[in-house]
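First residue of the sequence shown: 1, per the UniProt record's numbering; consecutive thereafter. All C-beta atoms, glycine included, are put in the ideal place defined by N, C-alpha and C. Model, not experiment: these values are computed from the prediction. Below you'll find the structure, written out as structure tokens, and then a few comments.
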Amino acid sequence: MLGSEPDTEVVGEAATGKEAVERATEVSPDVILMDIQMPDLNGIEATRRILGVDPEVGVVVLTMFEDDDSVFSAMRAGARGYVLKGAPPSEILNVVRAVAAGEAHFGPEIARRLMDFFSAPRPASPAEALPELTAREIEILDLIAQGHTNAKIAARLYLSPKTVGNHISHIFTKLQVADRAHAIIRAREAGLGREDT
């Protein structure tokens, strides 16, 4: 398909991830069409390695996988395009040309998925994410998620250990969690637990 277009030239092919990394180093292409699932080295890791050597090359992921993990893993690895294998040839060409021109471009299905992800409402603050907790309980949960013991929390907040224990009991009840580990998971989901800098 690409080889028949007047403005494109296929300079190499690879059957495995490692081979893709080697060929990319040899021929320095403008754009690489990368599959995610390949023998010996997946396309995400191959993309990461290629861009580690030549950050200017544009990687377009051409794959059957459209799940969020695959899309965002490819983006984090540095891919500038993502299109599904079942897409019309014209769509694939549009993505390749855009990436060759230095743009980031995603097929319509992937673009829609990205828009849905970024437009989904997200809590603006831990208080909004955990409306059942008081400000003091959020403060204590934050310290729990940072790994502090009850004694340290008590000393830091000038509270008695018994008062801290009561707060923690209320937090567990309100969050419907059985232990500290599950409370920490909820805290992290709400953006808590980051160490003070």
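Going by DSSP, what residues sit across from residue i in a beta bridge?
i      : result
VAL71  : Answer is none; VAL71 lacks a bridge partner.
HIS148 : Answer is none; HIS148 lacks a bridge partner.
HIS105 : GLY81
Under 7 Å between the Cβ atoms of residue i and residue j?
i      : j      : result
MET64  : THR47  : no
GLY81  : HIS105 : yes
PRO126 : GLY191 : yes
VAL11  : VAL27  : yes
VAL57  : VAL99  : no
ALA145 : GLY193 : yes
VAL71  : ILE110 : yes
GLY78  : LEU114 : no
Closer than 6 Å by C-beta to residue i: which residues in its own chain qualify, once you throw out the five before and the five after it? Chain order, please.
i           : result
VAL83       : LEU62, ILE92, VAL95 and GLY107
GLY43       : MET34, ASP35 and ILE36
residue 198 : Absent from the model: residue 198. The displayed extent of the chain is 1 to 197, so no value can be given.
GLU9        : none
LEU143      : ILE153
Short of 7 Å in beta carbon distance, which residues of its chain neighbour residue i, apart from the five on each side in sequence? Order them along the chain.
i      : result
ILE171 : LEU133, GLU137, ILE140, LEU141 and ALA183
ASP69  : none
SER160 : ALA154
ARG186 : LEU175 and VAL177
Quick one: residues in its chain with C-beta nearer than 8 Å to the C-beta of residue i, no 5 flanking neighbours on either side, listed in chain order?
i      : result
ASP7   : ARG97
MET75  : TYR82
ALA15  : MET38 and PRO39
ASN150 : PRO161, VAL164, GLY165 and ILE168
LEU188 : Per the sequence shown, residue 188 should be read as Arg rather than Leu. So the list reads ALA145, once near-sequence residues are dropped.
*Whole beta strand (DSSP E) runs in the segment 31 to 68 with 3 or more residues, listed along the chain?*
Whole beta strand (DSSP E) segments, 3+ residues: 31 to 34 and 58 to 63.
*Would you call the segment 19 to 28 and the segment 39 to 53 touching, i.e. three or more CB-CB distances under 8 Å?*
yes
_Entirely enclosed alpha helix (DSSP H) segments - the UniProt domain "HTH luxR-type" (126 to 191), minimum 4 residues_ = 126 to 129, 135 to 145, 150 to 157, 161 to 175 and 180 to 189
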